[in-house]
Structure formats: C-alpha cells, structure tokens
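Since the structure comes first, as structure tokens, the remarks are kept for the end.
Residue numbers (our numbering): 7 to 403.
Here it is as structure tokens:
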C-alpha cells in the first residue's frame, strides 16, 4: 500500500514537472516569435523612415532649385511659384484609389468606432490649406528677393520655430541633444547670413536694402508658418485622426493642397498676374517647353516632398521631420554652386559642418530613445513570461 502511494506521488511529481517544462517551452517559443516580430517591425520602421527622409531631402532640394531656376530664367510671378508648390495634388489620386481598395476591409471592421464628423475634417483641411497657401506665398516672395543659398539658410530657422510649437502643442520634450541640435542648426543658418554678399550669389543687389529686408522677413515668416503647419498636423494625427495609415496621409496631402491651391488661384486672378503669364512664357529664356516642364517638375517634387514629410510626422514627430528638412541646408548651397555657379566660401563650409553636427546630435537622441524603448519592452516580456509560468504551475496543481 505504501509502495502504491509512493508511486502515485512520484507520477504526480513527474506530471507537474512535465507541465512546467511544457509551459517553459511554450513561453520560450512565444518569446522567440515575439522577438522576430519585434525585429521585423523595427527594421521595417527604420527602413520606411530612411526612405521618406531621402524623399524629403531630394525633393526639397530639387523643388527649391527649380524655383530659383524659374526666377533666374525670366519668371516673375510669385503667385505662379506658389501655385506649383500646392497644385500638383491631382497626380496623387491614383495612389489614393489603390489604397482605398486595399483598406476597404479594415474600414468595414472599424465602422463601429466613433470617428470625427465630416465638418471636423473639413475645418481641419481648410485650416491646413490656408496655412500652407500662406506659407508657400511667403516663401515664393523670399526666394524672389534672395539668392537660393541665403534663402535656404534663413529657412533653417523653421527648426527652431517647430521646437517651440511642438513644445506647446505636442508636449515635445527638449532634451540636451535636441537642444544642442537646434542651437547648432540655428547658428549654421545665422552664420551664413553674415557672409560676404559676392560669395552668396551672382545676385548681389538683391541682398541689399529694401529687397533684402522683404526677402528676409517673408522667408522668416514663411518658415514659421511651415513649422506651425507641421506641429499642427502632428497634433491632428494624434488627437483627431483615428487611423494613421497611408491613405489617411494621402487624404491630408490632397485636401490641404486643394484648399491651398484655391486660395492661391484667388490671389492670382484677384491681382491680375494671370494676364502676364502669356508674355512670361514667350520671354522665358529657356523656351516655352522648358517653362512648362520647370513648373511641372517643381509641382511633382513638392507633392512627393509633402508625402515624405507627413510620413515622417506620422512615424516619428514633427520635430524629426523638421530636422531632416534642415539637413538640406548644406545640400542646397552645394548644388547651387554646381548649377548656378555660386561661389563657395569658408563660411559656408563651416555652416555645413555645423548643420551635419546638429543632425547627428538629434540622430543620437533618437538612438537613445530606441534603446530605452527596447529596455522597457524587454522588461515587460520578462514579467509576462514569469507570470505565464506561474499560472501554468498553479493550474497543474
């Protein structure tokens, strides 16, 4: 009888041990699966961030240089230069329709969720559109009165404005590395403002007196407007938009561009500048075809730039998107030297080094944030694994 009880206890102990081993094996498999999923998601996220960053840098540089080309070769209308910054949105309709088909099932599953009203979306799009249109107009005036290198350097002040707006609108934490990045990029832009006029561009007279003042003020206010647009967009994505998808980004780009284009068209016809377009096309130094192609490619570049920018806002933050934008500060002057024969001074070289340093400073902060997030997730996984094993053992008893 005693031997039978002893065997039963031995079998019971072995069963509990086997159950514990099974739970440990299952939890180990779950952990491996979660780790692989996490690694793939992180890899995909940074790949998307890198791709969108390249889009922003390339298209912003190309659009700015094409805008300068428009003025240098005989274009004079600031309304037309503003219009091409927003008027290319119809090319995005095919992408929107494709994404609409892909996300139909997700929409059906999310119908029961409470979404903002149509009027809420309409008011958001109108506000963003008017803000975008005003900023584009100010930047077009600034580019008319300033050399492209000086314009891009003053426009770098957008990062400082964005840090300020993000602090109030999105509770963005300004860490030591972010502050260092902002300071370096700001110094980089200020430094180039005081460089010799003849090394800035062949357009020396436009950097003096009233013309320079108009260009400086318009570029500064245009940069502030774009910074407010980015910070407001980030807040809208977080507080109003329920689904942060590619389709939603397309909706924002298309509708804000539509209302911005409407506002600019009203200004174009109200001021009578549309009457000059025929003579402007005929007098364009590179010819009629080049005139049209310059405007078309400028419009396409601005739309692709806007998509990349909004994707960066959605995936990271408005401040990060602005840092990537500011990285074009050293890039545009170099391209201006090659394309427009602008001179490269020692001041510009120092400014480029400071801009790169500022970008790396912000990038290092992003790296620290990723390490912190990884440590928090690892701690949560360990707690869940311990809890899973404990529940398994208690269930076996």
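Even glycine gets a Cβ: it sits at the ideal position worked out from N, Cα and C. If you're wondering where the values come from, they're calculated on a predicted model, not measured in any experiment.
Asked	Found
Are residue 233 and residue 167 close, meaning C-beta to C-beta below 7 Å?	yes
Have a look at 127, 318 and 80 and flag the residue whose alpha-carbon is nearest the alpha-carbon of residue 245.	127
What's the call for residue 61, buried or exposed, on a 16-neighbour Cβ count within 10 Å?	buried
What whole-angstrom Cβ distance do residue 319 and residue 240 have, given they're in contact under 8 Å?	5 Å
Quick one: residues in its chain with C-beta nearer than 8 Å to the C-beta of residue 212, no 5 flanking neighbours on either side, listed in chain order?	In this prediction, residue 212 has a pLDDT of 44, which is less than 50 and means its spatial position is unreliable; what the coordinates show is noted afterwards. Contacts found: 151, 152, 153, 218 and 221.
Under a three-way DSSP split, which group does residue 321 fall into?	helix
In whole angstroms, give me the CA-to-CA distance for residue 290 and residue 79.	6 Å
Tell me the residue span of the alpha helix (DSSP H) that contains residue 273.	252–277
Three-state secondary structure (DSSP) at residue 122?	coil
Counting along the chain, where does the alpha helix (DSSP H) carrying residue 91 start and finish?	84–92
Can you tell me whether residue 131 is helix, strand or coil according to DSSP?	helix
Given this structure, state the Cα-to-Cα distance separating residue 287 from residue 142, to the nearest angstrom.	22 Å
Look at residue 138 and residue 235 and say whether their C-beta atoms are less than 7 Å apart.	yes
Could you compute how far the alpha carbon of residue 181 sits from the alpha carbon of residue 170?	13 Å
Out of curiosity, what's the CA-to-CA distance linking residue 130 and residue 259?	12 Å
Confirm, please, whether the CB-CB distance from residue 325 to residue 178 is below 7 Å.	yes
For a quick check, are the C-beta atoms of residue 144 and residue 81 less than 7 Å apart?	no
With a threshold of 6 Å, establish whether the CB of residue 197 neighbours any heavy atom of the ligand MN.	Judged by which ligands are present, the structure shown has none, so any question about the ligand MN falls away.
If you draw a straight line from the C-alpha of residue 278 to the C-alpha of residue 271, how long is it?	11 Å
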